[in-house]
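Some notes on the structure that comes next.
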Amino acid sequence: MLKNGELRKTRLAELSRRYSKALARALIAMTFGLGDLLAGGVIASQIDFLRAIPWAMAVYPGMLSARGAVNGVLSGRLSTGMNIGSMKPSLWGNTEEFWSTISAAFTLTLLASASLTLTVGSTVLLLGGRGGAGLPGLFAVILASMGISQAIMAPTTAVAASLFFRAGVDPDYVTYPSMSTVADFVVSAVYVATLKVYSSGRTGRLAISLAAFAYALCVLILAAKHARGEVFRFILREASLAILIVSVIVAATGNLLVRVETVVRGRTEIYVIYPALLTMVGDFGSIVGSIATTKLAIGTSRPDMRLLADIAPEALGAWTAWFAAIQAFGAVTAVVSGSGSSVEWLAGVLALGGTLSTATMLAVSLGVAVLTFRMGLDPDNFVNPIESSLADAVTTGSLLLALGLAA
-18 MLKNGELRKT
-8 RLAELSRRYS
2 KALARALIAM
12 TFGLGDLLAG
22 GVIASQIDFL
32 RAIPWAMAVY
42 PGMLSARGAV
52 NGVLSGRLST
62 GMNIGSMKPS
72 LWGNTEEFWS
82 TISAAFTLTL
92 LASASLTLTV
102 GSTVLLLGGR
112 GGAGLPGLFA
122 VILASMGISQ
132 AIMAPTTAVA
142 ASLFFRAGVD
152 PDYVTYPSMS
162 TVADFVVSAV
172 YVATLKVYSS
182 GRTGRLAISL
192 AAFAYALCVL
202 ILAAKHARGE
212 VFRFILREAS
222 LAILIVSVIV
232 AATGNLLVRV
242 ETVVRGRTEI
252 YVIYPALLTM
262 VGDFGSIVGS
272 IATTKLAIGT
282 SRPDMRLLAD
292 IAPEALGAWT
302 AWFAAIQAFG
312 AVTAVVSGSG
322 SSVEWLAGVL
332 ALGGTLSTAT
342 MLAVSLGVAV
352 LTFRMGLDPD
362 NFVNPIESSL
372 ADAVTTGSLL
382 LALGLAA
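The numbering of the sequence shown is the working numbering, which starts it at -18 and goes up by one.
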């Protein structure tokens, strides 16, 4: 039998192995955040155009959050489904659960667009920021942007999850992080393009309205096809609640970004790094949440405080990867943007704001996983949507605090 000292060494070696494995996997996932600098670059390059539309900047974080929430449901269910064998790592010949999940994601996008319009849109418009569009026009812009993005992201996410799984990479670590980065760029580019078309005149407004109508019609067809399916109804029943919660949260995020925007005028690097910071804090929470939901689903952990201890090595590895990546991206941003900010200044802002955010999101991800599991709900339908939207609000607020302290 092993003595106490040997047992401790064996235990420490196992914890070290789990930490190193999580660090390596999470670092791969976090490197996808480099692509978010492209999303930030899109916004930074169009900042004057966006400022001319009073509600554009307030709606933008909501677009990222809502897109992230829907893709979070899709990524979470695909990752768990492939890990437990209820879905195949393929687009062809897949299970009914797979196709019901894809169809539900399209339907949730319509719901998210409507909710986003009513929460963020109505708040902005009531404050006088009409910018030439009432709620119907705003809904058309949001739904067209979200719908086009969803048409791109749904198959992309499914293919990515399948490729990761076939390559022996745990999709819990990389599917959502990688796809959230791609989604942020797609949403940013599509949103700016949609606004430009809509602002071009009557023909442009008609084109965007028709695109929104076409997407809504496609959703109705998909919903009619899968309406009797238990998986489809289950996802909509549970995830719809999460989407509604997200819509309320993102209203605060939009208002916070408007405040950040007043603080950082002239600091281009903040616009460039902003989507990456949101994504990577969300990625950290998603990695932790996905590991937790998988452990709960297969019964290797229990829905209580011990869950934190069970995933501690993985959580620490993911946080280390996050910190290293965001500091590297911050250095690149400070140098490339050429706005005059020092690398050290931006590093301090990111370290303070990001650490506050990741600590909060660790608690949120585990709390939502435990609470929903205890309630007999599927945590995959709640953890990523709520975590990703809260991460955006928490990160934006933490960034505002850090900027205030660093001013």
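Quick reminder that beta carbons are idealized off the backbone N, C-alpha and C, glycines included. No experiment lies behind these values; they were computed from the predicted model shown.
Report the CB separation of residue i from residue j in whole angstroms; it is logged as a contact under 8 angstroms.
i	j	result
G266	E368	4 angstroms
I224	A350	Actually they do not touch by this definition, with Cβ atoms about 18 angstroms apart.
A372	M342	5 angstroms
M261	G14	5 angstroms
A39	V101	6 angstroms
L277	P360	6 angstroms
T275	W303	About 20 angstroms; that fails the 8 angstroms criterion.
M160	S56	6 angstroms
Smallest Cα separation from residue i: which of the options?
i	options	result
G22	A125, S46, V173, G357	V173
S180	A383, G280, R58, L31	L31
A195	T377, L124, L116	L124
T301	L327, I65, A312, V269	V269
T90	A220, F354, A328, R248	A220
S60	A273, L(-7), G43, F215	A273
M68	Y0, F146, T137	F146
A387	A33, S323, S282	S323
T137	A86, A95, L119, G149	A86
V345	G385, Y41, S271, T281	S271
L358	G311, P284, A332, V375	P284
R183	G118, S26, V200	G118
P42	R218, V227, V140	V227
G334	T(-9), V229, A290, L380	L380
I24	K206, D165, I292, A135	D165
L2	F79, A93, V150, Q27	The identity of residue 2 in the sequence shown is Lys, whereas the question assumes Leu. For K2, the nearest C-alpha among the options comes from V150.
S94	A204, R48, S282	R48
R248	M286, R214, I28, S56	I28
Given residue i, which residues of its chain have a CB within under 6 angstroms of its CB, disregarding the five upstream and five downstream residues?
i	result
A126	Rather than Ala, the amino acid found at residue 126 in this sequence is Ser. These residues qualify, in order along the chain: V171, Y172, T175.
L(-4)	P294
T314	E250, V253, I254
P158	A10, F13, D264
N75	K69
A121	I189, S190, A193
V317	none
G128	Y196
G385	none
V200	F87, T88, L91
M44	V168, Y172
F79	M68
Go through its chain and collect everything with a Cβ distance to residue i's Cβ below 7 angstroms, but skip five positions before and after it.
i	result
A132	none
V178	G185, A188, I189
T336	none
M63	P70, A142, F146, P152
L(-7)	none
Y0	P294, L297, G298
G311	I254, L327, A328, L331
V140	L72
A5	none
A383	V330, L333, G334
Looking at residue i: is its Cβ nearer than 8 angstroms to the Cβ of residue j?
i	j	result
D17	A257	yes
V212	T82	yes
S143	S370	no
E77	G210	yes
S130	A20	no
A306	L8	yes
F363	T376	no
I202	V54	no
L288	L347	yes
I279	I65	yes
S84	H207	yes
V167	M134	yes
Report yes if the C-beta of residue i is less than 7 angstroms from at least one heavy atom of the ligand FAD; otherwise report no.
i	result
L201	With respect to small molecules bound, the structure shown includes none, and the ligand FAD cannot be examined in it.
Is the CB of residue i under 8 angstroms away from at least one CB in chain C?
i	result
F354	No chain C appears in this structure, which consists of one protein chain only.
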